[in-house]
Amino acid sequence: MHRPTEGETHAFERTFTTEAVERFGEVSRDEQERHTEPDDDRLLVHGLLTAPLPTKIGGDLEVLATSMTFEFVRPVYTGERIRCKWIFDSVDERDDRYEVAVEVVGENERVETAQTGAIEGLIWKVPPAERPV
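With the sequence shown counted from 1, adding 8 to any position gets you the numbering used here.
Next comes the structure, spelled out in structure tokens:
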């Protein structure tokens, strides 16, 4: 179990491939031309395909999200590295858990904001499988 602290920061980065965009389009059924027809040999990445960046960090930290909001403020293209920064804005300790509020910011290689978001959730002090019955 991870004990979070206010202001604590984590990061994860990923470069999206043409194959990932094509597969996401098939699964989501969002096969708009903007995601299937190259622009300068690049595809526009679906906004929701970038959402797993903060969820990967949250999973590593054992955060159970209760609310997530995202704003996609700049396009992301295949071949472009995106770095997601996760910042614990608030941490409220309870008897059995930590209730957390998180700010997320995704930036491209030029350090331009591509995505912002907010996540609320909890981290159990003792995982459910280890709690006494």
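Idealized CB from N, CA, C, for every residue including glycine.
Item                                                                         : Value
Simplified DSSP state of Asp-100, which is helix, strand or coil             : strand
Inter-residue CB distance, Ile-131 and His-10 (contact presumed, cutoff 8 Å) : 6 Å
Distance CB(Pro-12)-CB(Leu-69) smaller than 9 Å                              : yes
Identity of the residue in Thr-124, Phe-24 and Asp-104 nearest Glu-138 by Cα : Asp-104
Terminal residues of the alpha helix (DSSP H) in which Leu-72 lies           : Looking at the DSSP string, Leu-72 is not in any alpha helix (DSSP H); the run it does join, the beta strand (DSSP E), is 72 to 80.
Beta-bridge pairing of Arg-11 - partner residues as DSSP gives them          : DSSP output for Arg-11 lists no bridge partner at all.
Local conformation of Asp-68 per DSSP, three classes                         : helix
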